[in-house]
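Participant: Numbering follows UniProt numbering, with no gaps: position 5 of the sequence shown is 5. No residue lacks a Cβ here, since even glycine has one placed at the ideal position from N, Cα and C. Pasting a structure here, questions to come.
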Amino acid sequence: VLRCLGIPTRVITNFNSAHDKNLNLSIDKYIDMSGNNLHLSEDSVWNFHVWNESWFIRRDLGSFYDGWQVLDATPQEKSKGIYQCGPASTRAIKEGDVNLDYDSPFVFAAVNADCVTWIRYSKKRKERVYSDTRKIGKFISTKAVGTNSRVDVTANYKYPEVKEISFKISYSQYKNSLMDDRKILVTAV
């Protein structure tokens, strides 16, 4: 319909798409001390989910958020009391601006939620034991114009994942490097 009105529109597919039911920006899994799933969360990860993007000028949000906007014609959750999703700015999603209207937190979680595993010891006590920050939002794609080729648009939704670099250094090497007045920057990822 939007294309018929002259509004540029395309279909987007998100693989490993998070469905963050409680909008806490994570997909939570609860287990007991024996490792058994407790089924306490309605969050889920779908193999894929499809929505549309349309190109809008956003006078309501400011020109920074102009461009591609997410519109989901098959929303699974109510937004402001009705089943709707969008228009959420892809720029807002990439920048993590989840405080904006039009379902930005839900779409942000769909492409960038953390998958977190909790051990639940009691109703009052739980402990986070695992977090996967890379599982969600893979190969976000659209179809190329004029061909059947896939175009990767993941960079429109999120910054590249940081790659881990591991190395080993002995304590004596580390100590000597400090004595040589060299600076070592170690970043934990």
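For S63, which three-state DSSP category applies?
Facilitator: If DSSP states are grouped into helix, strand and coil, S63 belongs with the helices.
Participant: State yes or no: is the C-beta of W55 within less than 7 Å of the C-beta of W68?
Facilitator: In contact: W55 and W68 (Cβ atoms closer than 7 Å).
Participant: At the level of alpha carbons, what is the spacing between I119 and Y130?
Facilitator: One C-alpha to the other measures close to 9 Å.
Participant: Please list, in chain order, all residues of the same chain as G86 whose beta carbon is under 7 Å from its beta carbon, the five residues on each side excluded.
Facilitator: Only Q69, V70, L71, D72, Y102, D103 meet the Cβ criterion.
Participant: In whole angstroms, what is the alpha-carbon distance linking H19 and I57?
Facilitator: Distance between the alpha carbons of H19 and I57: 28 Å.
Participant: Rounding to the nearest angstrom, what Cα-Cα distance links A144 and N36 in this structure?
Facilitator: For A144 and N36, the distance between alpha carbons rounds to 44 Å.
Participant: Let me confirm a value: D152 is counted as buried when at least 16 other C-beta atoms fall within 10 Å, else exposed. Which label applies?
Facilitator: Exposed is the call here.
Participant: What are the boundary residues of the alpha helix (DSSP H) that I93 is part of?
Facilitator: Segment 90-95, the alpha helix (DSSP H) holding I93.
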